[in-house]
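Student: Residue numbers (the working numbering): 391 to 1097. Every residue, glycine too, gets a C-beta built ideally from N, C-alpha and C.
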């Protein structure tokens, strides 16, 4: 400003005074240099100022119902986490299973061949044969005994239920029914398949006596036997002791039978009977893997589809049924599905899983992450002979890849996320270099307002450290746990966690104030570990939404807080012709006084110093002080103003000061603030606080005119 403000005030004053100079004055009679030094006074400012004039209420400045002032800064959505940010439950189940059909059942079979007595006597001696012929007269006679007789080989009718098979198990029963009238002794039988004449099993002896009308049997184990559908039996009768007084009829018979039962084949061509396979692992388990340390007990699927793919590598016709025995749809029983499986084809389809609940905790050995699945495979060949191998197979793939969960209950591990260290520059360094003294904001708070539908306890550790010069202040906040849902009834909880002077050193940290703030921390899920049980819940729409509200009530104390600022010397005259010729220059001022009268209703006092400073010599050339420029109001025990205080202060700018202003290139302003009570206790600020003020100038300029 270079003195122009000062000169303007003086010029206006002179213009006012010039109207009072008598016209009879002859200025030409004055000397070459004329000096005039009038004294005058005039008011320059008066008014009232309330706190509300300084800070208007808005989104940041808030007036309470009693007019108490708070500074509030709110930030919405500082945290917004959704379920998919952490967990993916869409691929809840993936199951692949191949079933080798193994040994399968075929129908029992029976075939027989009959030898009449007339057929048997053909193997006797001619004499004995004739004797039997003679006794066939319808009258009782003694049945002649006969010796060991080799009857040779006799064929059985072809079996229609198979052509050739390799048995895995089964019994071949050889039976002899004696329809003669005399007992038979032991009968030896060797059984062969035809063609190929391959003996089946070992020679079997049907132990006698075999009485008339009786049947006796012997068994051959078919395990591992390769059998064709036509049998030949080599038969040896070890004789008979005969009988007395019986009818001898050459049409009487001995029946030889071959019965197969409990038959299972490994391979071959046969009619496969309709059957349910006895699978060793028909009760299976799907291991649900959702991530490390995640243990799931129960879940409910809101929406989803079970995709299946079933491939037959066999000529049998079949069906696959699967069930989830620990599932339920709206409490109406387990999920069961039956799918037809055509021979040598792949079948695909889907099953709606909407509103299906599943229990994964029924395995005593591992009561989590295990979903029981029961399988049932039915096969048959529709009464048609087909090629079969025990290595024939059916492959089943079940997949849930689009599930939307309603909820999942379990234990989600002790996962810990580190809050990445962050350093914030408060950009206060330049300002704080000009400030000394102390102040303390008593009740600042940081409120974390959150809505949480993750049913998982989370412990948050927040470390903050403020630095200013060699001073360090820690936040000293103990770890805290975010409130969370504990069941499926109340799925969302809202709460507020407040950081303030009751649980931390926040007031000291803010009042430092820091040039630099360093933040670190962590968030740990399930701080109690698995000891807390599998009581975590997450829901399909789980999210954590948090907003931040920083509240600074204007309740504080200030103890000799000093602000310093340096500006260019606006009193120094410009070194140009216009300024040199001006009769109104600051150095021509005899004195200049400002009288300030205040009635202060604020609990804050102000002192001021003005220093003329020469940067070349590094000296303060002159100082004007106004200690107690404005004295603080009186307050009660709560820190509220009860009475304003009046202060009258005169600030004099004398000739020496104006002379020194010629050599000073800078002016240093120092403001000192102190709250009521000497800055030893908290005071409160209300919007209706008021200060009334009046300022008057007394000046004696020396005007110099050159002719």
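Cα separation between residue 1002 and residue 1016?
Tutor: Numbered from 1 along the chain shown, position 612 holds the residue referred to as residue 1002. Numbered from 1 along the chain shown, position 626 holds the residue referred to as residue 1016. Distance between the alpha carbons of residue 1002 and residue 1016: 15 Å.
Student: At the level of alpha carbons, what is the spacing between residue 491 and residue 729?
Tutor: Locating residue 491 in the chain shown gives position 101, counting from the first residue. Locating residue 729 in the chain shown gives position 339, counting from the first residue. The alpha-carbon atoms of residue 491 and residue 729 are separated by roughly 17 Å.
Student: As a quick exercise: from 897, 928, 915 and 830, pick the residue whose alpha carbon is nearest that of residue 940.
Tutor: For the purposes of this step, residue 940 is taken as residue 550 along the chain shown, with counting starting at 1. Out of 897, 928, 915 and 830, 897 has the C-alpha closest to the C-alpha of residue 940.
Student: If you draw a straight line from the C-alpha of residue 679 to the C-alpha of residue 666, how long is it?
Tutor: As a first step, residue 679 is located in the chain shown; it is residue number 289 there, counting from the start. As a first step, residue 666 is located in the chain shown; it is residue number 276 there, counting from the start. Straight-line Cα distance between these residues: approximately 31 Å.
Student: Could you please give the first and the last residue of the uninterrupted alpha helix (DSSP H) stretch that includes residue 1007?
Tutor: The count along the chain shown starts at 1 and reaches residue 1007 at position 617. From DSSP, residue 1007 is part of no alpha helix (DSSP H); its letter is neither H nor E.
Student: Is it buried or exposed for residue 416, if we count other Cβ within 10 angstroms and need 16 for buried?
Tutor: Locating residue 416 in the chain shown gives position 26, counting from the first residue. Interpretation of residue 416 is limited by its pLDDT of 39, a score under 50 that renders its predicted location unreliable; the figure taken from the coordinates is listed afterwards. Exposed.
Student: State yes or no: is the C-beta of residue 1066 within less than 8 Å of the C-beta of residue 1022?
Tutor: On the chain shown, position 676 is the one that residue 1066 refers to. On the chain shown, position 632 is the one that residue 1022 refers to. Yes, these two residues count as a Cβ contact at 8 Å.
Student: My parser needs the alpha helix (DSSP H) runs of 4 or more residues fully inside the stretch 507 to 577; what are they?
Tutor: Here the runs fully enclosed are 507 to 510 and 516 to 525.
Student: Among residues of its own chain, excluding the 5 on either side of residue 848, which ones have a beta-carbon nearer than 6 Å to its beta-carbon?
Tutor: Position 458 of the chain shown, counted from the start, is the residue given in the question as residue 848. Answer for residue 848: 872, 913 and 915, listed in chain order.
Student: Leaving out five residues on either side along the sequence, give the residues of the same chain with a beta carbon under 7 Å from the beta carbon of residue 399.
Tutor: Within the chain shown, residue 399 is the residue found at index 9, counting from 1. With a pLDDT of 35 at residue 399, under the threshold of 50, the modelled position of this residue cannot be trusted; read the value that follows with caution. Same-chain partners within the cutoff: there are none.
Student: Is residue 735 buried or exposed, if buried means 16 or more other CB atoms sit within 10 Å of its CB?
Tutor: Working through the chain shown from its first residue, we reach residue 735 at position 345. Under this definition residue 735 is an exposed residue.
Student: Looking at the secondary structure, which residues open and close the beta strand (DSSP E) in which residue 713 lies?
Tutor: Sequence index remark: in the chain shown, residue 713 carries index 323 (1-based). Counting along the chain, the beta strand (DSSP E) containing residue 713 begins and ends at 707 to 714.
Student: Please name the residue or residues paired with residue 952 in a DSSP beta bridge.
Tutor: Residue numbering aside, residue 952 sits at position 562 when the chain shown is read from its first letter. Answer is 826 and 1062, bridged to residue 952.
Student: Between 573, 745, 956 and 788, which has its C-alpha nearest residue 763's C-alpha?
Tutor: The residue you call residue 763 lines up with position 373 of the chain shown. Here the closest residue by C-alpha is 788.
Student: Going by other Cβ atoms of all chains shown within 10 Å of its Cβ, with 16 needed for buried, is residue 545 buried or exposed?
Tutor: Taking the first residue of the chain shown as 1, we reach residue 545 at position 155. That one is exposed.
Student: Skipping 5 residues on each side, what residues in its chain have a beta carbon closer than 6 Å to that of residue 618?
Tutor: Position 228 of the chain shown, counting from 1, holds the residue named residue 618. Contacts found: 554 and 583.
Student: If you measure between the beta carbons of residue 525 and residue 642, is that distance less than 8 Å?
Tutor: Counting from one through the chain shown, the residue named residue 525 turns up at place 135. Counting from one through the chain shown, the residue named residue 642 turns up at place 252. No, the Cβ-Cβ distance between residue 525 and residue 642 is not below 8 Å.
Student: Closer than 6 Å by C-beta to residue 506: which residues in its own chain qualify, once you throw out the five before and the five after it? Chain order, please.
Tutor: Numbered from its first residue, the chain shown carries residue 506 at position 116. Counting only Cβ-Cβ distances below 6 Å, and skipping sequence neighbours, we find 641 and 643.
Student: For residue 943, write down the residues that DSSP places opposite it in a beta bridge.
Tutor: Numbered from 1 along the chain shown, position 553 holds the residue referred to as residue 943. Partner(s): 460.
Student: Between residue 1077 and residue 458, what straight-line distance do the alpha-carbon atoms span, to the nearest angstrom?
Tutor: The sequence position of residue 1077 within the chain shown is 687, counting from 1. The sequence position of residue 458 within the chain shown is 68, counting from 1. Taking the straight line from one Cα to the other gives about 6 Å.
Student: Taking 8 Å as the threshold (beta carbon to beta carbon), is residue 1036 in contact with chain B?
Tutor: The structure shown contains no chain B; it holds only a single protein chain.
Student: Quick check on residue 1046: does DSSP put it in helix, strand or coil?
Tutor: Locating residue 1046 in the chain shown gives position 656, where the first residue counts as 1. Of the three classes helix, strand and coil, the one that applies to residue 1046 here is helix, per DSSP.
Student: Go through its chain and collect everything with a Cβ distance to residue 557's Cβ below 6 Å, but skip five positions before and after it.
Tutor: As a working note, residue 557 is residue 167 in the chain shown. If we look at residue 557 and ignore the five residues flanking it on each side, its Cβ neighbours are 612, 615 and 655.
Student: Leaving aside the five residues before and after residue 450 along the sequence, list all residues of the same chain whose C-beta is less than 8 Å from its C-beta, in chain order.
Tutor: Reading the chain shown from its first residue, position 60 is the one you call residue 450. Counting only Cβ-Cβ distances below 8 Å, and skipping sequence neighbours, we find 461, 462 and 463.
Student: What's the gap between the Cα of residue 797 and the Cα of residue 840?
Tutor: Position 407 of the chain shown holds residue 797. Position 450 of the chain shown holds residue 840. Each residue's alpha carbon lies about 21 Å from the other.
Student: Can you pull the DSSP bridge partners for residue 749?
Tutor: In the chain shown, the residue the question calls residue 749 occupies position 359. 688.
Student: In the DSSP assignment, find the unbroken beta strand (DSSP E) run with residue 653 in it and report its ends.
Tutor: Position 263 of the chain shown, counted from the first residue, corresponds to residue 653. Unbroken beta strand (DSSP E) run through residue 653: 643 to 661.
Student: Hey, residue 1081 and residue 991 are a contact pair by Cβ (cut 8 Å); roughly how many whole angstroms apart?
Tutor: For the purposes of this step, residue 1081 is taken as the residue at position 691 of the chain shown. For the purposes of this step, residue 991 is taken as the residue at position 601 of the chain shown. Confirmed, Cβ separation roughly 6 Å.
Student: With the cut-off set at 8 Å, would you say residue 982 and residue 907 are in Cβ contact?
Tutor: In the chain shown, counting from the first residue as 1, residue 982 sits at position 592. In the chain shown, counting from the first residue as 1, residue 907 sits at position 517. It is not a contact, given that the beta carbons lie outside the stated cut-off.
Student: What does the alpha-carbon distance come out to for the pair residue 664 and residue 918?
Tutor: What you label residue 664 is simply residue 274 of the chain shown in a count that begins at 1. What you label residue 918 is simply residue 528 of the chain shown in a count that begins at 1. Straight-line Cα distance between these residues: approximately 56 Å.
Student: Let me check one thing: in DSSP terms, what residues is residue 881 bridge-paired to?
Tutor: To locate residue 881, count along the chain shown from 1; it is residue 491. According to DSSP, residue 881 bridges with nothing at all.
Student: For residue 495, which beta-bridge partners are listed by DSSP?
Tutor: Residue mapping note: residue 495 aligns to position 105 of the chain shown, counting from 1. For residue 495, which the question treats as bridged, DSSP gives the partners 654.
Student: With DSSP as the reference, label residue 912 as helix, strand or coil.
Tutor: Counted from its first residue, the chain shown places residue 912 at position 522. In the structure shown, residue 912 sits in a strand (DSSP, three-state: E or B).
Student: Determine the direct distance from the alpha carbon of residue 646 to that of residue 577, and round the result to whole angstroms.
Tutor: To locate residue 577, count along the chain shown from 1; it is residue 187. To locate residue 646, count along the chain shown from 1; it is residue 256. Near 11 Å, if we compare the C-alpha coordinates of residue 646 and residue 577.
Student: Straight-line CA distance for residue 669 to residue 783?
Tutor: For this step, residue 669 is matched to residue 279 along the chain shown. For this step, residue 783 is matched to residue 393 along the chain shown. Cα to Cα, residue 669 sits roughly 12 Å from residue 783.
Student: Taking Cβ to Cβ, would you say residue 586 is nearer than 8 Å to residue 562?
Tutor: Within the chain shown, the letter at position 196 stands for residue 586. Within the chain shown, the letter at position 172 stands for residue 562. In this structure, residue 562 does not lie closer than 8 Å to residue 586 by Cβ.
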